[in-house]
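> To get my numbering, take the position in the sequence shown, counting from 1, and add 249. Using N, Cα and C, we set each Cβ at its ideal position, and we do this for glycine too. Note that the structure is predicted; figures quoted are calculated from it, not measured. Encoded as structure tokens, here's the structure I'll be asking about.
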Amino acid sequence: MAACPRRPPAFSRCSTCCRPISSGAGRCSRRAWVTERTLRRDVERLRELGYAVVAARGATGGYRLEAGTRVPPLLLTDDEAVTVAVGLRLAADEGLEDGARTTLSALAKFEQVLPSALRERVNAVSRLQRWRLPREAAVPQELLGRLALACRDQERIRFHYTAADGAESDRLVDPHAVVSTRRTWVLIGWDLRREGWRTFRLDRTRRLTGTRVRFEARIGPDAVADTAGRGEFRLDVLLPLPLGEATALLGRWSAGAVAEGERLTRWPIDAETSEGLLSALVWIPAHVGFRLEGSPETISVVATALERLREAVASAGDGQRPSSPGRS
């Protein structure tokens, strides 16, 4: 006598049977290796949990989920749904075997049973340029979803922003991409008042509002990826040297250096922290003069660090105890 297979869990049994009605309850119960009474009890359990299971009586009757899906819909809050979408994309990027295909397939099924308003948020987040879990600063899911929608719909936005040096300002921006760096989520956009590309940390962004004004894209995917790969702090160092001499001096750190005429080289440097940026500047040999170009925020970081060094040098030998260090 053939051994009876182990009965699957209740949810699995109902997932097998709750399909478009085409066979009777008796056939469903036999396929799940349970009695009709057990199957009815499983269905009632699902209904108590909020699952809409439709039943049809008669010889050709059976069960199906109201949404018409092959798997039960998930009972999630809006933020939980966005989190699941992000998690699926992360799985696709983490080197799992056949990860991209299977996770995208799961995401498609997941979106199928979502309310239309929530599906808009999840679909927008699924189109973000890069997916990596932020490691430091937490970002509200609502803010992430709204920015993703603004990027997708090419809608101009306003928000209040706090820079690295603590300066606060109101920004008017054409958003192009939301990406994740090693530190946090970042918005890449064209700042209309400063007339240039800027990156904004989402954990420093507040009071986001849409303007309902549409804009034309100024940048392609490759340029977005290049901008996303930069650190938070970026400067251009202008060295009074031909490109060949500059690259010989900088060695393997000369990536990105370009000629600005015959006797000038532009060397871009960036870092995740202000300390990393300052270390690169201090490393330039003392006999080489240079000039800096960068955003007002980054120049302010350098100026603040320089003032601290001047104070430290001025106090050398006077017997004073140094004050507690502050963050630049």
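Using only alpha-carbon positions, find the residue among Ile437, Gly445 and Val462 that is nearest to Leu451.
It is Ile437 whose Cα lies nearest to the Cα of Leu451.
> Work out the CA separation of Ala416 and Phe240 for me, nearest whole Å.
Nothing about residue 240 can be reported from this structure: the residues present for the chain run from 250 to 577 only.
> To the nearest whole angstrom, what separates the beta carbons of Gln403 and Phe464, a pair I think is in contact under 8 Å?
Indeed they touch by this definition, with Cβ atoms about 5 Å apart.
> Distance, Cα to Cα, Glu511 vs Leu490?
Roughly 8 Å separates the two Cα atoms.
> Tell me the rounded alpha-carbon separation between Trp446 and Arg540.
The alpha-carbon atoms of Trp446 and Arg540 are separated by roughly 21 Å.
> Any idea what DSSP makes of Ala426, helix, strand or coil?
DSSP places Ala426 in strand when its eight states are reduced to three.
> Checking 7 Å against the spacing of the C-beta atoms, do Ala504 and Leu492 come in under that value?
Their beta carbons are not under 7 Å apart, which means Ala504 does not touch Leu492 by this criterion.
> Whole angstroms is fine: what's the gap from Ser564's alpha carbon to Leu484's?
If you take the alpha carbons of Ser564 and Leu484, they lie about 30 Å apart.
> Please list, in chain order, all residues of the same chain as Arg467 whose beta carbon is under 8 Å from its beta carbon, the five residues on each side excluded.
Taken in chain order, the residues that qualify are Asp423, His425 and Trp439.
> Classify Leu441 as helix, strand or coil using the three-state DSSP reduction.
Of the three classes helix, strand and coil, the one that applies to Leu441 here is coil, per DSSP.
> Spell out the partners DSSP gives Trp516 in its beta bridges.
DSSP, once it has assigned bridges, lists Val486 as partnering Trp516.
> To the nearest whole angstrom, what separates the beta carbons of Ala412 and Glu542, a pair I think is in contact under 8 Å?
Between Glu542 and Ala412 the Cβ distance is about 18 Å, and since that is not below 8 Å, they are no contact.
> State the DSSP-derived secondary structure class of Glu509, mapped to helix, strand or coil.
Of the three classes helix, strand and coil, the one that applies to Glu509 here is coil, per DSSP.
> Would you kindly work out how many angstroms separate the C-alpha atoms of Val486 and Val562, rounded to a whole number?
Each residue's Cα considered, the two are about 25 Å apart.
> Would you give the residue range spanned by the beta strand (DSSP E) that Gly538 belongs to?
Looking at the DSSP string, Gly538 is not in any beta strand (DSSP E), and its letter there is neither H nor E.
> Does the distance from the C-beta atom of Gly459 to that of Ile533 stay below 7 Å?
Result no, Cβ atoms of Gly459 and Ile533 do not sit closer than 7 Å.
> What is the C-beta distance between Leu527 and Ala554, in whole angstroms, given that I count them as a contact (C-beta under 8 Å)?
Their Cβ separation, rounded to whole angstroms, is 5 Å, which keeps Leu527 and Ala554 in contact under 8 Å.
> Report the rounded CA-to-CA distance for Arg559 versus Asp414, giving the unit in angstroms.
Taking the straight line joining both Cα atoms gives about 19 Å.
> Since Leu457 is in the beta strand (DSSP E), which residue starts that stretch and which ends it?
Its beta strand (DSSP E) spans residues Thr454 to Arg463.
> Go ahead and label Arg395 buried or exposed: buried means 16 or more other beta carbons lie within 10 angstroms of its beta carbon, across all protein chains shown.
Burial call: buried.
> In whole angstroms, give me the CA-to-CA distance for Glu329 and Ala506.
Approximately 44 Å, taken between the alpha carbons.
> With Arg501 as the anchor, note down where its beta strand (DSSP E) starts and where it stops.
Where Arg501 is concerned, there is no enclosing beta strand (DSSP E), given that its DSSP letter is neither H nor E.
> Between Arg296, Glu494, Arg442 and Val427, which lies nearest to Arg401 when the distance is taken from Cα to Cα?
Nearest C-alpha to Arg401: Val427.
> Please classify Asp327: does DSSP put it in a helix, a strand, or coil?
In this structure, Asp327 counts as helix in the three-state DSSP scheme.
> If Leu488 and Ala497 are in contact, beta carbons under 8 Å, what's the gap, nearest whole angstrom?
The Cβ separation is near 12 Å, so there is no contact.
> Rounded to whole angstroms, how far is the Cβ of Leu392 from the Cβ of Leu457, which I believe are closer than 8 Å?
That pair is a contact at about 6 Å.
> Rank Val388, Thr522 and Thr284 by C-alpha distance to the C-alpha of Thr332 and give the top, closest one.
It is Val388.
> For Arg420, which of helix, strand or coil comes out of DSSP?
Three-state DSSP puts Arg420 in a strand.
> Assign Asp347 to buried or exposed, taking buried as 16 or more other Cβ atoms, counted over all protein chains shown, within 10 Å of its Cβ.
Note that Asp347 scores a pLDDT of 49, beneath 50, so its modelled location is shaky; the value from the coordinates is reported in the next line. Per the 10 Å Cβ criterion, exposed.
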